[in-house]
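Structure record follows, encoded as structure tokens.
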Amino acid sequence: MRLVKLFLFFLTVCTIHILFAEFLLELEAKRFIVKSYLFLFLLSLFSTGLTHLLNKLKNKSPFYFLTINGLKIIASILYLLPFLSNKTEMTIYYIMHFFIAYFIILIKEGRDNYMQLKAENNH
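FYI, this note's numbering numbers position 67 of the sequence shown as 57, with every residue one higher than the one before it.
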């Protein structure tokens, strides 16, 4: 159920982002935005899975969670590397749209982690 909610969140945010880019900004970046959200969804699944595994192992060291976020940052840079090396007039728009999506998802993950921590402390 949690995976379905996460997928629906990504789908909703991606759709709003595409509509915003297409109609208000009049940019042709649909394919890039969809690929970016798919990449970020898989990255989010990876980090959520690792976090869940670490919680099951009762290992809540901040270093591990910092390492997971560091891996996400490195993966994001590697994903953007072809766009950074191929400078066109759309490169800046692609990078801006990627980081808009990245920070929306980062805020959601932070909120989810806060709610989970709050629920654990209330028990």
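Positions of the beta carbon are idealized from the N, C-alpha and C atoms, including for glycine.
Between the beta-carbon of residue i and the beta-carbon of residue j, is there less than 7 Å?
i	j	result
I8	K20	yes
L33	K(-5)	no
Y54	L44	yes
V24	I94	no
Y83	F73	no
F31	F0	yes
Please report the distance separating the alpha-carbon of residue i from that of residue j.
i	j	result
T81	T57	29 Å
F29	T78	22 Å
Give the DSSP-derived three-state secondary structure of residue i in the structure shown.
i	result
T57	helix
L(-2)	helix
S51	coil
Hey, out of the options, whose CA is closest to residue i's CA?
i	options	result
A65	M86, Y92, N103	Y92
G100	S37, H87, L1, K25	S37
S26	L(-2), T41, F89	F89
N59	H87, M86, I97, F22	I97
Q106	L35, L14, L(-2), T41	T41
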